[in-house]
Structure formats: C-alpha cells, structure tokens
Amino acid sequence: MKKTALIVLDGWGRADNPEVSAIDKARTPFVDSLYKKYPQTWIKTSGLDVGLPDGQMGNSEVGHMNLGAGRVVYQDLVKINLAAENGDFAKDPTLQEALAHAKSTGANIHIAGLLSDGGVHAHINHAKALCSWLYAEAFENVFVHAFTDGRDTDPQGGADYLQDLIDHMDATTGR
Numbered sequence: 001m002k003k004t005a006l007i008v009l010d011g012w013g014r015a016d017n018p019e020v021s022a023i024d025k026a027r028t029p030f031v032d033s034l035y036k037k038y039p040q041t042w043i044k045t046s047g048l049d050v051g052l053p054d055g056q057m058g059n060s061e062v063g064h065m066n067l068g069a070g071r072v073v074y075q076d077l078v079k080i081n082l083a084a085e086n087g088d089f090a091k092d093p094t095l096q097e098a099l100a101h102a103k104s105t106g107a108n109i110h111i112a113g114l115l116s117d118g119g120v121h122a123h124i125n126h127a128k129a130l131c132s133w134l135y136a137e138a139f140e141n142v143f144v145h146a147f148t149d150g151r152d153t154d155p156q157g158g159a160d161y162l163q164d165l166i167d168h169m170d171a172t173t174g175r
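In the working numbering, the protein residues as written are 1 to 175.
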C-alpha cells in the first residue's frame, strides 16, 4: 500500500510574479527537494473558490474547512449576500415573525450590528438591505445601533460607514 500525506503549509503562497514573492526569493532547499521528488498541487484559497465573495481574501479557517469537506463550503457572508440580492432575506421566518410582532404592537425596531465593508465579520450591504426592506414594509420607527471596530477595515473608517448608511437611507426614503 502506498502512503499518502496531506501537508498544509499555512501562509506558504504562490505568487504570479516571482519578483514580489518572499517564497520564490527565499532559499528553501528542503521544500525544493520535495517539489522535485513528489507530486504536489496548489489550490486557490480566496474568493468564490472557497465560498467567499469574489475577490475576498481567504484565511486559514476557511481553507481548512474546505479541505476537510472536500468541496466548496459557502461561508455565511456569501449566503447572506445571496439572500439579500434575491429577496430570500425577506422570507426568513424569524425576521417575518419579529416584524409581524412589531407591526401589530407598534413597537420600535432596533437593528444592532457591525457596520463595515470588510466582509470578514459583516458587510454594510446587509444593513442597507435590511433598512430598504423595512422602509418598503412601511416601518417608521427604525433605530440603527452600529458598531465599528476597525479590525478588518480602517480603524478610523467608522464615520465613513455611518455616512454611507445615512446616504443610503436618505436616498431610499427621500428624506
């Protein structure tokens, strides 16, 4: 029986341009000998290839999940993006139940969440889609509680995200 090993070198990437690649510029005799002696392959680790939005940088968790599953595992961000784009967002039973309760009781609606375009933990487009949907459903007492953390975006970018959401709501409501 032939033995096989799956060896994952986290952070060991391949660049299209060897002039800008630390891996290509480094002296790596052991790894070079493995390349000559054994078959290997490179896998794509970002964007739609690993279930992230197109162009989104991957990370080790996403890579390991896809390797372990043996298939593309669509990440929550992609699932939410698709639901917001195709209208399934508005069909979510939990959201429908909450809105029905708010409508029947006249309750205020509070949206709380991370506001950024980093895409790792949240995306501003989800807040925009939710605000647009609430406006289309004729809700008027909607309060947004935005958290800005700068972890996967500019640490000083919070004010810009807030202004972007305000501009979206102004354009949506005409107010």
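In this text, a Cβ means the ideal position worked out from N, Cα and C, and glycines have one as well.
- Shown here, Val142 sits in a strand according to DSSP, grouped into three states.
- Pairing Leu114 with Phe147 gives a Cβ-Cβ distance under 7 Å.
- Fewer than three beta-carbon pairs drawn from the region 54-63 and the region 91-102 are found closer than 8 Å, and the two stretches are therefore not classed as touching.
- For the set Pro18, Trp42, Arg27, Lys25, the Cα lying nearest the Cα of Leu9 is the one of Trp42.
- Apart from sequence neighbours up to five positions away, the residues of its chain that approach Val50 with a beta-carbon distance below 6 Å are Gly58, Val62, Asn66, ordered along the chain.
- DSSP places Leu99 in the uninterrupted alpha helix (DSSP H) bounded by 93-105.
- Thr153 is classed as buried because its beta carbon has at least 16 other beta carbons within 10 Å across all chains shown.
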